[in-house]
Amino acid sequence: MTTFVLASCSQQPKAPAGPSPVGTEAPVIVPGGPGTPARTATPGERVGPTPSPTVAADVRFAERMIPHHRQALEMTSLVEARTTNESIRAVARQIAAAQGPEIRAMTSWLAELGRTVPAGHGHEQGMAGYGMATQEELNALRAARGGPFDRLFLQLMTRHHEGAVKMAGEQLAGGRDQRMRLLAKDVYAGQSLEIDRMRKLLASLRA
């Protein structure tokens, strides 16, 4: 009898080590990246390991980047009525198309943590050194038209992007949350390219 019991126990399946393949019984939802929807895992797909834990650097990144992005959207909203330069209009459209979804992704992420989303532009929230425009600079941008607007917009937005790249670099150095790290990589890469484009545009206007 004892031998039978031991033999029976030895035939019990072992728990899988690591991610398990998705079966066909119930759908498994795989979260999307920043600004992208979730999807349903396919049968047999191995679902990845549990994401890295959230740390203070992750929260700080989202809470600073949201108001930072908001100010960029405020500046791009001024472009259409103040310039006929199609290159600058294209830059503004590209910035708005990228940063609107990123704001929504970070807002949703903070809500999942039970954190209050920052209000306004965050001038008083440790944003010094991250390229934020002052109220006086924003007022000057609103008042400008044509060539003066083009030059001021490019100057302010280039500095603003440099601040975002700096912030993203800090997140990549100290953050752990996979969603925020992916978003920081997007910000770092996308805004670095836009900085180069805006610098070339500004140089052409000064020539």
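The sequence shown runs contiguously to residue 1476 in my numbering. Just so it is clear, CB atoms sit at the ideal spot from N, CA and C, and this is done for glycine as well.
- No alpha helix (DSSP H) of 4 residues or more sits fully in the segment 1438-1465.
- In the structure shown, Arg1428 falls within a helical segment according to DSSP collapsed to helix, strand and coil.
- In this structure, Met1436 lies away from Met1344, with their beta-carbon atoms at least 8 Å apart.
- Here the segment 1428-1444 lies against the segment 1461-1470, with 3 or more beta-carbon pairs under 8 Å apart.
- A straight-line Cα-Cα distance of about 30 Å links Arg1373 and Arg1420.
- Excluding residues up to 5 positions away in sequence, Pro1387 lie with their Cβ nearer than 6 Å to the Cβ of Glu1332 in the same chain.
- Here the C-alpha atom of Ala1453 lies approximately 12 Å from the C-alpha atom of Gln1368.
- Beyond the five residues adjoining it in sequence on each side, Thr1376 comes within less than 6 Å, by CB distance, of Val1386 in the same chain, given in chain order.
- Rounded to the nearest angstrom, the Cβ distance from Leu1410 to Leu1425 is 6 Å, consistent with a contact under 8 Å.
- For Val1324, the three-state secondary structure derived from DSSP is coil.
- Only residues of its own chain outside the window of five on either side were considered, and among them Gln1368, Glu1371 and Ile1372 have a CB closer than 7 Å to the CB of His1338, listed in chain order.
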